[in-house]
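Quick note, the sequence shown lines up with residues 291 to 498 if you use the working numbering.
Backbone N, C-alpha and C define an ideal beta-carbon position, used for all residues, glycine too.
Values in this document were obtained by computation on a predicted structure and should not be read as measured data.
One structure is given here, and the rest of the page talks about it.
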Amino acid sequence: MEYVKLGRTDLNVSRMVMGGDVRTPREEFAAALQLAVDSGVNLIDTAPAYGNSEEVLGTILPEIKGELYVSTKFSNDPQPFLPRDRDCLMHAVENSLTRLKRDTIDIWMVHEPDRPYQYDWWERPQDLNHPEEYYGPVMDVLVDLKSQGVIKYTGIGGTTAYEIVPIIESGFFDVILTAFNYSLLWQEAAIEVIPAAKKQNMGILLGS
Numbered sequence: 291m292e293y294v295k296l297g298r299t300d301l302n303v304s305r306m307v308m309g310g311d312v313r314t315p316r317e318e319f320a321a322a323l324q325l326a327v328d329s330g331v332n333l334i335d336t337a338p339a340y341g342n343s344e345e346v347l348g349t350i351l352p353e354i355k356g357e358l359y360v361s362t363k364f365s366n367d368p369q370p371f372l373p374r375d376r377d378c379l380m381h382a383v384e385n386s387l388t389r390l391k392r393d394t395i396d397i398w399m400v401h402e403p404d405r406p407y408q409y410d411w412w413e414r415p416q417d418l419n420h421p422e423e424y425y426g427p428v429m430d431v432l433v434d435l436k437s438q439g440v441i442k443y444t445g446i447g448g449t450t451a452y453e454i455v456p457i458i459e460s461g462f463f464d465v466i467l468t469a470f471n472y473s474l475l476w477q478e479a480a481i482e483v484i485p486a487a488k489k490q491n492m493g494i495l496l497g498s
């Protein structure tokens, strides 16, 4: 397995990582995850939006032999999910930590911040002439979580090829997970998403 420094983080991650969208029985997923770790995989990505993924992983992670970084997200928990309400976001953190049975998370992402009709994250959408002014309360929460040592790094997980670029250019986030738009068949993310992320020295995860 090859390893690479994940952008501006201090995480050396495997070239191949694992998705935690659990759709198999717990025992099968536990065996698959241990096999992945034995093969050198050292990062798994999950989210509350992935069914019972966090809860299942919380029962599996203590059994895994080997180093494994964990990435999760703000997404659809708790309900109603209020993406600009600090109390709701902090409740989401508590819920995820409880389900995962962890005190800290390596990467905490904002789920699909590039789709405003899914979750309205932003109080002050970006002025393209002033990218540093992109703002939403979730950014303050992430800063606080970092300062408290609850999370190490921040990220965004998106599925668009162009709409997510202004959020990247804000310079706030450490990692991007780009999904559905970079694979052997589809290369849209290579046009703007990946070049913009490289300019910010962000870590890049491909979820295709």
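{"query": "The region 394 to 406 / the region 437 to 457 touching (three or more Cβ pairs under 8 Å)", "result": "yes"}
{"query": "Span separating the alpha-carbon of Leu351 from that of Ala487", "result": "30 Å"}
{"query": "Pair within 8 Å by beta-carbon distance, Thr299 and Val465", "result": "yes"}
{"query": "For Lys363, the three-state DSSP class (helix, strand or coil)", "result": "strand"}
{"query": "Environment of Trp476 [buried if 16+ CB atoms lie within 10 Å]", "result": "exposed"}
{"query": "DSSP three-state assignment for Val400, whether helix, strand or coil", "result": "strand"}
{"query": "Contact under 8 Å by Cβ, Ile334 with Gly310", "result": "yes"}
{"query": "Minimum length 4: unbroken alpha helix (DSSP H) runs contained in the region 410 to 466", "result": "427 to 437 and 455 to 458"}
{"query": "Distance between beta carbons of Val440 and Thr388, contact taken as under 8 Å", "result": "With 8 Å as the limit, Thr388 and Val440 do not qualify as a contact, their Cβ atoms being about 13 Å apart."}
{"query": "For Gly461, the nearest candidate out of Phe371, Asn491, Pro427 and Val360 (CA to CA)", "result": "Asn491"}
{"query": "The alpha helix (DSSP H) enclosing Val331, as first and last residue numbers", "result": "From DSSP, Val331 is part of no alpha helix (DSSP H); its letter is neither H nor E."}
{"query": "Identity of the residue in Ser329, Phe319 and Glu318 nearest Tyr293 by Cα", "result": "Ser329"}
{"query": "Lys295 beta carbon less than 8 Å from that of Gln324", "result": "no"}
{"query": "Neighbour-count burial assignment, Pro485, 16 or more Cβ in a 10 Å radius", "result": "exposed"}
{"query": "Under the three-state DSSP convention, the category Met380 falls into", "result": "helix"}
{"query": "Member of Phe319, Thr468 and Ile481 whose CA lies at the smallest distance from the CA of Ser498", "result": "Thr468"}
{"query": "Run of the alpha helix (DSSP H) containing Val346, from where it starts to where it stops", "result": "Ser343 to Ile350"}
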